[in-house]
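Just so we're aligned, residue 4 is where the sequence shown starts under this note's numbering, counting upward by one. Glycine included, each C-beta is placed from N, C-alpha and C at the ideal position. Computed from a predicted model, the values in this text were never measured in an experiment.
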Amino acid sequence: MNSIIGWVGGKRLLRKVIVPLIPKHNTYCEPFGGAAWILFGKSSDHKDWQISKKHKYREVLNDINGELINFWRHVKYHPDAFKTEVEKFMASRELFTEFLNMKPRTDFERAMVFYYKLACSFGSLSKTFAVRGHRSMLPIRNGDKLQQAAERLKDVVIEKLSFDAVINKYDNCRSFFYIDPPYYEHEDLYERDLADCFDQHEELNQLLKSIKGKWLLSYNDHQYIRELYKGFKIENVETLYSLSGASKPKTEIIIRNY
């Protein structure tokens, strides 16, 4: 299934490459969860992944962005209320501007405002109003998709921790981590909702060299990153990058320790 939100660096186009590379595991964790395209793209049937039935199977979705995590928790725990509220709103510049300047009073309002701004903004950046064609005259019709997402997240643990804290918490020899950090020298694109700009590429590298579990890392193709991960398996992946509607070919890299 697809993610229900757009997000900078989302892996919609790469998941067909990444999901088949996921090894058997008993713990699946995304430290930089974002739109969770890989989680939504992988089978939810534990039997497809489980190494041993003696150990509990679990999936973990984590992100340091509190607004994003608040949204995912409301989708998981309050899908009916969220669906009802979403279907009330029209996609309009006036409402977008109102939400842009609004200070939500409750966590539910925070989640709604966050979702609306994502759905009605240029590049899912929540800063500038933009919708396609005549969509501004129609309700945001993601109600059924919200229900599907809630069902997929039913047994998923949702965390708001730093990448190192969540990796250390869930690391063991049966763990697999899909890691999608902000891309090197493009970190400012990911800075939003009071989440600090990521500048810990070397710290992430040192941590991954020390853990017990298996991991797969996606990055932009840069010599600095290639040097950091020299000795690990590095593969080129061709994809298309699109932010303004025009798609451009782009080479990214997948790095793994297995």
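Residue i, enclosing beta strand (DSSP E) - first and last residue
| i | result |
| --- | --- |
| R61 | R61 to N65 |
| Y31 | T30 to E33 |
Residues bridged to residue i (per DSSP)
| i | result |
| --- | --- |
| I258 | L220 and I237 |
| V160 | V63 |
| L243 | P252 |
| S55 | Paired residues: none, contrary to the question. |
| Y181 | L219 |
Opening and closing residue of the alpha helix (DSSP H) in which residue i lies
| i | result |
| --- | --- |
| Y187 | Run containing Y187: none; DSSP gives neither H nor E here. |
| T87 | P82 to V89 |
| F43 | W40 to G44 |
| C209 | The sequence shown places Gln at residue 209, rather than the Cys named in the question. That run of the alpha helix (DSSP H) goes H204 to L211. |
| M115 | D110 to A122 |
| Y173 | F166 to Y173 |
| F201 | Taken as a continuous stretch (DSSP letters only), F201 belongs to no alpha helix (DSSP H), as it is neither H nor E. |
| I228 | Q226 to L231 |
Three-state secondary structure assigned by DSSP to residue i
| i | result |
| --- | --- |
| P23 | helix |
| F74 | helix |
| K251 | strand |
| M140 | With a pLDDT of 45 at M140, under the threshold of 50, the modelled position of this residue cannot be trusted; read the value that follows with caution. DSSP places M140 in helix when its eight states are reduced to three. |
| S127 | Confidence is the limiting factor: at S127 the pLDDT is only 49, short of 50, which leaves the residue's position unreliable, though a coordinate-based value still follows. Looking at S127 - three-state DSSP - the assignment turns out to be helix. |
| K106 | coil |
| G69 | helix |
| L17 | coil |
| D48 | coil |
Integer-rounded CB distance, given that residue j should sit under 8 Å from residue i
| i | j | result |
| --- | --- | --- |
| P185 | L207 | In fact, because the Cβ distance is near 10 Å, the residues do not count as touching under 8 Å. |
| D174 | I214 | 5 Å |
Sufficient close CB pairs (3 or more, under 8 Å) joining the stretch 166-179 to the stretch 23-31: yes
Three-pair Cβ contact test at 8 Å for the stretch 74-92 versus the stretch 164-178: no
The stretch 148-157 touching the stretch 215-228, judged by at least three CB pairs closer than 8 Å: no
Given 8 Å, three or more beta-carbon pairs between the stretch 110-119 and the stretch 70-87: yes
Stretch-stretch touch, CB-based, cutoff 8 Å, three pairs: the stretch 33-40 with the stretch 4-18: yes
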